[in-house]
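Numbers 180 to 243, taken from my numbering, label the letters of the sequence shown in order.
Just so you know, even glycine gets a beta-carbon here, dropped at the ideal spot from N, CA and C.
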Amino acid sequence: MTHLISGLMSWMKSGNSRNDLLTWAKTEYGKDWYFAYNFMLKNNGRGPNLTEINGPQYIRKEVA
180 MTHLISGLMS WMKSGNSRND LLTWAKTEYG KDWYFAYNFM LKNNGRGPNL
230 TEINGPQYIR KEVA
């Protein structure tokens, strides 16, 4: 298990090529892959979180 985790971490820390980022974006982000891919290119390989994809979520309370 440790070998698997260290292998994944070394892959993520290595110089992410555009092809690797494209594959990751298409795999992880589904319909939002294009946005995620461009986001990762601009942010040194960091993927977007849900707020960055969907925008802020506001909780609406119903007033009686």
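With a threshold of 9 Å between beta-carbons, can P235 be considered close to chain C, or not?
As a matter of chain content, chain C is missing from the structure shown, which is built from one protein chain.
Can you tell me where the alpha helix (DSSP H) with E237 in it begins and where it stops?
Note that residue 237 is Tyr in the sequence shown here, rather than Glu. Following the DSSP letters along the chain, one finds Y237 in no alpha helix (DSSP H), marked with neither H nor E.
Using a 10 Å radius around the Cβ and a threshold of 16 neighbouring Cβ atoms, would you call Y237 buried or exposed?
Burial state of Y237 is exposed, judged by a 10 Å Cβ sphere holding fewer than 16 other Cβ atoms.
Taking L220 and L200 to be in contact with their CB atoms under 8 Å, please state how far apart those CB atoms are, rounded to whole angstroms.
With 8 Å as the limit, L220 and L200 qualify as a contact, their Cβ atoms being about 7 Å apart.
I need the boundaries of the alpha helix (DSSP H) containing R197, first residue and last residue.
First-last of the alpha helix (DSSP H) with R197: R197 to E207.
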